[in-house]
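Asks: In the UniProt record's numbering, the protein residues as written are 1 to 317. Each residue gets a CB set at the ideal place from its N, CA and C atoms; glycine is no exception. Computed from a predicted model, the values in this text were never measured in an experiment. Below is one structure. I have some questions about it.
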């Protein structure tokens, strides 16, 4: 066995089926931890390299799903976490519970908490895409990205250069805005300008005057129509990458299970989530997101191109 690659095999029983965990503990030049969940993993070899080769050589319709873990390395704050400036700014409003910030009834009563959050998160501000976003953009540039489904509302996917037709913002975003009463679409740039100035935006229809907000999906609101593209995309996908999500929120979580049973599913997350581990072609990179992306890019032989994409973004933002 190569000194640069040490493999530890751990066997355990789960639901009367044996699973094998492979940990790569010294993959040069970046340390990597990869686990396969199947004793019958049917790609060409037991390695990240072979998994990457499958993506590189045999996959042309890669489906990507992403959650908050993708945005965390960009510094996106969690409004529920004490100690953050955003948490402190929201505390003054005495929210009955943290998620009330996304409650339409509460928003009509007091829009200030959500507008405070929106002001913090508006794309083009202090938060920028990280290596994970740029990796997905690179998948697109190589003609491999079928679609990216994201739970994030921060717009960093768009900022990285992923085109709108390749992106599904399952929980909405800032690129459009609407009246919550009559549903009239409003100029998103004017909405942004007003919110950044700390102003509440009202519908310009004289008979309405309802509150206007960016089209972030609140509790009780329907998901964007584009989300249902997954019914087509899951039948076309030949590779699934899931990044930084707990897969606990339905119906977003259902997309990971709807892909064809025989395609590889790669999870970039600290722990296994959802149904990962139940299929023969499941794998997990369990380092932090950035390290996992680096490892995958190195295995693909794409690291130089990824770094060049980051440099180009930094020079032109």
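Taking 8 Å as the cut-off, decide whether the C-beta atoms of residue 49 and residue 299 are in contact.
Replies: Yes.
Asks: Tell me, to the nearest whole angstrom, how far the beta carbon of residue 68 is from that of residue 296; I am working on the premise that it is less than 8 Å.
Replies: Actually they do not touch by this definition, with Cβ atoms about 20 Å apart.
Asks: By Cβ distance, which residues of its chain are closer than 6 Å to residue 194, with the 5 residues on each side in sequence left out?
Replies: For residue 194, where only same-chain residues beyond five positions count, the Cβ hits under 6 Å are 201.
Asks: Specify the secondary structure class of residue 141 as computed by DSSP and reduced to three states.
Replies: Three-state DSSP puts residue 141 in a helix.
Asks: Are the Cβ atoms of residue 163 and residue 140 separated by less than 8 Å?
Replies: In this structure, residue 140 lies closer than 8 Å to residue 163 by Cβ.
Asks: To the nearest angstrom, how far is the alpha carbon of residue 189 from that of residue 313?
Replies: Roughly 22 Å separates the two Cα atoms.
Asks: By DSSP, does residue 186 sit in helix, in strand, or in coil?
Replies: Residue 186 falls in the strand class under three-state DSSP.
Asks: In three-state terms, what does DSSP make of residue 166?
Replies: Residue state, collapsed to three classes: helix.
Asks: Which one of 124, 308, 160 has the shortest CA to CA distance from residue 174?
Replies: It is 124 whose Cα lies nearest to the Cα of residue 174.
Asks: Do the region 89–104 and the region 287–295 meet, that is, are 3 or more Cβ pairs less than 8 Å apart?
Replies: No: the two stretches stay apart, fewer than three of their Cβ pairs being nearer than 8 Å.
Asks: Less than 8 Å between the C-beta atoms of residue 273 and residue 265, yes or no?
Replies: Their beta carbons are not under 8 Å apart, which means residue 273 does not touch residue 265 by this criterion.
Asks: Alpha carbon to alpha carbon, how far is residue 2 from residue 161?
Replies: Only weak support exists for where residue 2 lies, its pLDDT of 35 falling under 50; the value from the coordinates is given anyway. Cα to Cα, the separation comes out at about 39 Å.
Asks: Would you check if there are 3 or more beta carbon pairs closer than 8 Å linking the region 209–219 to the region 165–182?
Replies: Touching, yes, given that three or more Cβ pairs across the two stretches are closer than 8 Å.
Asks: Measure the C-alpha to C-alpha separation of residue 239 and residue 147 and round it to an integer number of angstroms.
Replies: About 11 Å.
Asks: For the candidate residues 58, 65, 120, 137, whose alpha-carbon lies nearest to that of residue 306?
Replies: The residue with the shortest Cα to Cα distance from residue 306 is 137.
Asks: For residue 203, which option in 220, 183, 63 has the closest C-alpha, if you only look at C-alpha atoms?
Replies: The shortest Cα separation from residue 203 among 220, 183, 63 belongs to 183.
Asks: Considering only C-alpha positions, which residue in the set 223, 185, 218, 224 is nearest to residue 205?
Replies: Comparing Cα-Cα distances from residue 205 to each of 223, 185, 218, 224, the minimum goes to 185.
Asks: Going by alpha carbons, who is nearest to residue 221 out of 104, 122, 57?
Replies: When only C-alpha atoms are compared, the closest one is 104.
Asks: Would you call residue 311 buried or exposed, if buried means 16 or more other Cβ atoms sit within 10 Å of its Cβ?
Replies: Exposed, by the Cβ-count rule.
Asks: In this structure, does DSSP put residue 158 in helix, strand or coil?
Replies: The answer is helix: DSSP assigns residue 158 an H, G or I state.
Asks: Three-state secondary structure (DSSP) at residue 233?
Replies: Reduced to three states, the DSSP call for residue 233 is helix.
Asks: Of all the alpha helix (DSSP H) runs that stay within the bounds of the region 241–302, which reach a length of 4 or more residues?
Replies: The qualifying runs are 254–258, 289–300.
Asks: Have a look at residue 315 and residue 73 and give me their C-alpha separation to the nearest angstrom.
Replies: About 20 Å.
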